[in-house]
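Peer 1: One structure, as structure tokens, below. Some questions next.
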Amino acid sequence: MRFSYLFTISIFISLKIFAQDISFIPRETTVNDTIGDEVVIYIDLTNISQAEQTVFVVRTMNQMPNGWSTSLCFDYCYPDWMDSIATTQTYGSSPLQPGESREVSVHFFTNNVPNTGMVQLQAGTFRNPDQRITVELQASTFDPTSVEDEVSSITNFKLEQNYPNPFNPATKIRWQSPISGWQTLKVYDLLGNEISTLVNEEKPAGNHELIFNASDLPSGIYFYHLNIGAFSQSKAMILEK
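Residue numbers (the UniProt record's numbering): 1 to 241.
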């Protein structure tokens with residue numbers, strides 16, 4: 001599909017699922033919940049090779065708002081400052097046998113603060129450390145009382161300028177809708193080629209946001225385009241690396 005615009009721009013979220021020795025599959029990549037102390041996202045790690053594998057997991061991005069923190073759990077839960085864990089005795093763990101699966105989880109500690117945070121993880125094996133699987137996980141929390149107040153005050157559609165802009169590598173996109181219904185938010189490159197679908201689902205009336213990570217994209221200008229019923233709007237954003 002091509003999208004004709006005087007300028008056109010894009011964003012790409014990469015979710016690599018399989019490597020040679022392991023699979024690393026999130027049960028969900030985005031979680032929206034009411035405010036509370038903790039949000040948890042689970043990932044299934046499986047040894048799909050015929051040999052024993054020592055696996056490592058590295059937190060390569062930890063973009064948290066003020067008051068938030070995250071912790072990795074893999075057999076045990078580790079301090080929030082620990083970015084790397086592995087299936088070794090050092091971490092109270094052991095290698096995965098052929099066909100064995102274990103649960104990895106990321107715990108978002110939100111301290112009852114409504115906001116959005118994003119974590120990027122890379123998983124690999126000691127046998128092939130350069131073959132890594134990258135996943136990006138996003139958690140959002142909201143105050144249901146404030147949401148009801150906000151929705152009642154929203155009377156028009158609005159697509160906001162991403163922030164920060166220019167950005168590297170992640171930026172936040174916000175929009176609002178006075179009606180519930182099917183919403184799509186897509187990214188296009190400068191030639192009008194569709195790069196990624198960020199949203200394609202039924203959503204309620206209200207304010208919405210997501211964090212776009214363009215770590216796999218080159219520097220340049222991209223466009224994000226929102227469709228809600230008869231409403232349609234695009235904005236440009238600049239990736240500077």
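Even glycine gets a Cβ: it sits at the ideal position worked out from N, Cα and C.
When we look at the beta-carbon of E202 and count the other beta-carbons within 10 Å, is it buried (16 or more) or exposed?
Peer 2: exposed
Peer 1: For chain D, check one thing: does any of its Cβ atoms lie closer than 7 Å to the Cβ of T46?
Peer 2: Looking for chain D here will not work: only one protein chain is present.
Peer 1: Run through DSSP, which three-state label would S232 get?
Peer 2: strand
Peer 1: Using 8 Å as the threshold, is the region 18–37 in touch with the region 69–86, meaning 3 or more CB pairs across them?
Peer 2: Contact between the region 18–37 and the region 69–86 is absent: fewer than three C-beta pairs spanning the two stretches fall below 8 Å.
Peer 1: Measuring alpha carbon to alpha carbon, tell me which of T54, Q138, R132 and I195 ends up nearest T70.
Peer 2: Its Cα nearest to that of T70, the residue Q138 stands out among T54, Q138, R132 and I195.
Peer 1: Terminal residues of the continuous beta strand (DSSP E) containing E209?
Peer 2: G206 to N213
Peer 1: Check each candidate in T155, F223 and L190 and name the one with the smallest Cα separation from S177.
Peer 2: T155
Peer 1: Report the three-state DSSP secondary structure of Q89 (helix, strand or coil).
Peer 2: helix
Peer 1: Return the CA-CA distance between V40 and S94, expressed in angstroms with no decimal places.
Peer 2: 23 Å
Peer 1: Looking at C-beta atoms only, is the number of pairs between the region 161–174 and the region 226–237 that lie closer than 8 Å three or more?
Peer 2: yes
Peer 1: Going by Cα to Cα distance, which pick from T171, F56 and L210 is closest to T90?
Peer 2: For the set T171, F56 and L210, the Cα lying nearest the Cα of T90 is the one of F56.
Peer 1: Put S153 into one of helix, strand or coil per three-state DSSP.
Peer 2: helix
Peer 1: Just reading off the beta strand (DSSP E) that V40 is part of, what are its end residues?
Peer 2: E38 to N47
Peer 1: Give every residue of the same chain whose Cβ lies closer than 6 Å to the Cβ of F18, excluding the five residues on either side of it in the sequence, and list them in chain order.
Peer 2: With a pLDDT of only 42 at F18, under the threshold of 50, the placement of this residue in the model should not be trusted, and no figure is reported.
Peer 1: Give me the Cα-Cα distance between A51 and D189, rounded to the nearest whole angstrom.
Peer 2: 42 Å
Peer 1: Would you kindly work out how many angstroms separate the C-alpha atoms of residue 249 and S23, rounded to a whole number?
Peer 2: Here the chain has residues from 1 to 241 only, and residue 249 is not among them.
Peer 1: What residues in its chain sit with their C-beta under 6 Å from that of N227, if we drop five residues either side in the sequence?
Peer 2: Cβ neighbours of N227 beyond the five flanking positions: T184.
Peer 1: Does the beta-carbon distance from V106 to P26 come in below 7 Å?
Peer 2: no
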